[in-house]
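So in full-length UniProt numbering, spot 74 of the sequence shown is number 74, and the numbers just go up one at a time. Note that CB positions come from ideal geometry on N, CA and C, so glycine has one too. Treat the numbers as computed from the prediction; the structure is a model and nothing was measured. Worksheet for the structure shown next.
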Amino acid sequence: MVSGEGERVAFYKAFKLRGPVEKWLQDLEMTMKKTLFKIIKSKRAEVYRQLSKDWIFQTPAQVSSCLHQIFWTLEVEDALQSGGGQLGLVVSQQQQLLQQLTELIRLPLSSLERLIVSGLAIQVLHNRDAAATLLHLNAEDPDAFDWQKQLRHYWDPDKELLLLQQLSAAFDYGYEYLGAPQRLVITPLTDRCWLTIT
Numbered sequence: 001m002v003s004g005e006g007e008r009v010a011f012y013k014a015f016k017l018r019g020p021v022e023k024w025l026q027d028l029e030m031t032m033k034k035t036l037f038k039i040i041k042s043k044r045a046e047v048y049r050q051l052s053k054d055w056i057f058q059t060p061a062q063v064s065s066c067l068h069q070i071f072w073t074l075e076v077e078d079a080l081q082s083g084g085g086q087l088g089l090v091v092s093q094q095q096q097l098l099q100q101l102t103e104l105i106r107l108p109l110s111s112l113e114r115l116i117v118s119g120l121a122i123q124v125l126h127n128r129d130a131a132a133t134l135l136h137l138n139a140e141d142p143d144a145f146d147w148q149k150q151l152r153h154y155w156d157p158d159k160e161l162l163l164l165q166q167l168s169a170a171f172d173y174g175y176e177y178l179g180a181p182q183r184l185v186i187t188p189l190t191d192r193c194w195l196t197i198t
């Protein structure tokens with residue numbers, strides 16, 4: 001797959017573009033989704049052990065974004081389940097990651113690499129601020145409204161499923177390849193828009 005931004009992701013298996021268009025388009029869609037699923041599943045354990053320049057640029061932008069969200073959700077949930085006392089650590093970890101990304105973006109990068117790093121930095125900045133808000137509000141429970149209103153990513157290892165939740169809405173992740181699009185800066189207003197859409 002090649003995105004509009006020039007990111008390349010190899011399909012997990014080859015397939016033929018022969019026969020009726022409806023058939024090979026369906027095969028293409030299924031192969032695309034299965035490819036992203038397999039990459040997310042295989043790279044889950046690497047996200048914090050190997051968050052280096054090489055790892056970021058060898059992992060599709062969409063996958064690194066999903067993986068960061070999965071682990072951020074897990075860290076915040078763990079902190080809230082233990083009474084909120086570890087939220088400061090989550091904020092600190094996000095700040096360190098943001099610092100790493102800031103240093104990385106100062107290097108000479110291609111336009112695609114810069115787009116990938118800046119998109120991840122925008123996401124990390126939002127996550128740091130969301131965790132800091134929970135800390136400031138003394139949130140102590142995963143059922144706290146200020147946590148529930150966040151878009152959360154959960155990996156279910158039993159079903160091998162990525163689930164997105166916000167308030168009472170829950171969606172299966174679609175695994176549709178998006179490339180490395182430019183990200184919107186997330187503000188309280190865009191947060192409210194996403195809440196309304198959900």
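Outcome for serine 168 when other beta-carbon atoms lying within 10 angstroms are tallied against a minimum of 16: Sequence index remark: in the sequence shown, residue 168 carries index 168 (1-based). Per the 10 Å Cβ criterion, exposed.
Euclidean distance between Cα positions of proline 142 and aspartate 158: Counting from one through the sequence shown, the residue named residue 142 turns up at place 142. Counting from one through the sequence shown, the residue named residue 158 turns up at place 158. Spanning the two alpha carbons is a distance of roughly 21 Å.
Same chain, Cβ closer than 8 Å to alanine 121, neighbours up to 5 away in sequence not counted: Indexing the sequence shown from 1 puts residue 121 at position 121. Cβ within range, chain order: Leu98, Leu101, Thr102, Ile105.
Leucine 178 and alanine 170 closer than 8 Å at C-beta: Residue 178 sits at position 178 when you count from the first residue of the sequence shown. Residue 170 sits at position 170 when you count from the first residue of the sequence shown. Not in contact: leucine 178 and alanine 170 (Cβ atoms no closer than 8 Å).
Rounded distance between the beta-carbons of valine 91 and alanine 132, thought under 8 Å: Indexing the sequence shown from 1 puts residue 132 at position 132. Indexing the sequence shown from 1 puts residue 91 at position 91. Going by Cβ atoms, the distance from alanine 132 to valine 91 rounds to 5 Å, so yes, they are a contact pair.
The region 110-121 in contact with the region 53-71 per 3-pair CB rule at 8 Å: The region 110-121 is in contact with the region 53-71.
Beta-carbon gap between lysine 33 and tyrosine 12 smaller than 8 Å: The residue labelled residue 33 in the question sits at position 33 within the sequence shown. The residue labelled residue 12 in the question sits at position 12 within the sequence shown. Result no, Cβ atoms of lysine 33 and tyrosine 12 do not sit closer than 8 Å.
Cβ-based neighbour list, tryptophan 155, same chain, cut-off 7 Å, excluding 5 preceding and 5 following: Taking the first residue of the sequence shown as 1, we reach residue 155 at position 155. Here the set comprises Arg44, Ile70, Leu162.
Cβ-based burial, glutamine 150 [other Cβ within 10 Å; buried from 16]: In the sequence shown, the residue the question calls residue 150 occupies position 150. Glutamine 150 is buried by the Cβ-count criterion.
Reduced DSSP category for valine 124 - H, G, I as helix; E, B as strand; rest coil: One-based indexing of the sequence shown puts residue 124 at position 124. Correct three-state label for valine 124: helix.
Glutamate 169 - containing beta strand (DSSP E), residue span: Working through the sequence shown from its first residue, we reach residue 169 at position 169. Inspection of the sequence shows that residue 169 is occupied by alanine rather than by glutamate. Per DSSP, the unbroken beta strand (DSSP E) holding alanine 169 starts and ends at 169-172.
Where the alpha helix (DSSP H) through glutamine 182 begins and ends: Along the sequence shown, one-based indexing puts residue 182 at 182. Looking at the DSSP string, glutamine 182 is not in any alpha helix (DSSP H), and its letter there is neither H nor E.
Arginine 106, DSSP secondary structure in three states: One-based indexing of the sequence shown puts residue 106 at position 106. If DSSP states are grouped into helix, strand and coil, arginine 106 belongs with coil.
Which listed residue (Trp24, Leu109, Leu28, Val76) has its alpha carbon closest to that of isoleucine 56: Taking the sequence shown and counting its residues from 1, one reaches residue 56 at position 56. Closest by alpha carbon: Leu109.
Where valine 91 sits in the DSSP three-state scheme: The residue labelled residue 91 in the question sits at position 91 within the sequence shown. In the structure shown, valine 91 sits in a helix (DSSP, three-state: H, G or I).
Bounding residues of the alpha helix (DSSP H) (the contiguous stretch that carries leucine 36): Along the sequence shown, one-based indexing puts residue 36 at 36. Counting along the chain, the alpha helix (DSSP H) containing leucine 36 begins and ends at 21-43.
Nearest residue (CA-CA) to threonine 187, options Glu75, Leu135, Leu87, His126: For this step, residue 187 is matched to residue 187 along the sequence shown. Cα-wise, what sits closest to threonine 187 is His126.
Leucine 25 versus threonine 35: straight-line alpha-carbon distance, rounded: Here residue 25 refers to the residue found at position 25 of the sequence shown. Here residue 35 refers to the residue found at position 35 of the sequence shown. Cα to Cα, leucine 25 sits roughly 15 Å from threonine 35.
Residue environment, histidine 153, which counts as buried when at least 16 other CB atoms sit within 10 Å: Position 153 of the sequence shown, counted from the first residue, corresponds to residue 153. With 16 or more other Cβ atoms within 10 Å, it is buried.
Boundaries (first-last residue) of the beta strand (DSSP E) holding glutamine 166: Against the sequence shown, residue 166 aligns to sequence position 166. Run containing glutamine 166: 161-166, per the beta strand (DSSP E) assignment.
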